[in-house]
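In the working numbering, the protein residues as written are 402 to 554.
Below: the structure, in structure tokens.
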């Protein structure tokens, strides 16, 4: 997911393609709340710590992530008080939570990573390729000898 690539880019502004169009995120978020299960899974796979999560993740492999995170609502309804208390730098919504974009945007910068249409697999694959490209680009700048050839999409 292109939006998730921003976690791999240090303090540089980056433009990310969202369901609502391109959005510029000015710096790497330090505190993140995520209401989209696919984004939670991808961020977890990349080793990104998520500070705020919905009460149910519906994927047994992700259940352990709630141990170190604040519960900030459900997939359908963010708890705006809990989000305010968390004070995230970025909120990611998608799918079931996407109608709450305007409400979460009053708390912190929010992006909608909903995938729509007939070919969701192709969209997901394209977003993952974009992340892989950004990982390689950043790695080349910071660790020229390091190889990311094992990353496959």
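For each residue, glycine too, the CB sits at the ideal point set by N, CA and C.
Cα-Cα, which of 430, 478, 507 is closest to residue 498? Working through the chain shown from its first residue, we reach residue 498 at position 97. Checking every option, the nearest Cα to that of residue 498 belongs to 478.
Please classify residue 455: is it buried, with 16 or more other beta-carbons within 10 angstroms of its beta-carbon, or exposed? By 1-based counting over the chain shown, the position of residue 455 is 54. Looking at its Cβ environment, which holds 16 or more other Cβ atoms inside 10 Å, residue 455 is buried.
Return yes when the Cβ of residue 495 is within less than 8 angstroms of the Cβ of residue 513, no when it is not. Walking along the chain shown from the start, residue 513 turns up at place 112. Walking along the chain shown from the start, residue 495 turns up at place 94. Between residue 513 and residue 495, the C-beta spacing is below 8 angstroms.
Thinking C-beta only, is residue 451 closer than 8 angstroms to residue 444? Residue numbering aside, residue 444 sits at position 43 when the chain shown is read from its first letter. Residue numbering aside, residue 451 sits at position 50 when the chain shown is read from its first letter. Between residue 444 and residue 451, the gap from beta carbon to beta carbon is short of 8 angstroms.
Beta-carbon proximity of residue 435 to residue 463, cut-off 8 angstroms: Within the chain shown, the letter at position 34 stands for residue 435. Within the chain shown, the letter at position 62 stands for residue 463. No.
Contained alpha helix (DSSP H) runs [length at least 4] in the segment 465-491, N- to C-terminal order: Counting only runs of 4 or more, we get 481-487.
Identify which residue in 504, 460, 433, 447 has its Cα closest to the Cα of residue 469. Residue numbering aside, residue 469 sits at position 68 when the chain shown is read from its first letter. With distances taken between Cα atoms, residue 469 lies closest to 433.
DSSP puts residue 453 in a beta bridge; with which residues? Residue numbering aside, residue 453 sits at position 52 when the chain shown is read from its first letter. DSSP output for residue 453 lists 434, 471 as bridge partner(s).
8 angstroms contact criterion, which residue 427 and residue 414 should meet: CB distance rounded: By 1-based counting over the chain shown, the position of residue 427 is 26. By 1-based counting over the chain shown, the position of residue 414 is 13. About 5 angstroms; that satisfies the 8 angstroms criterion.
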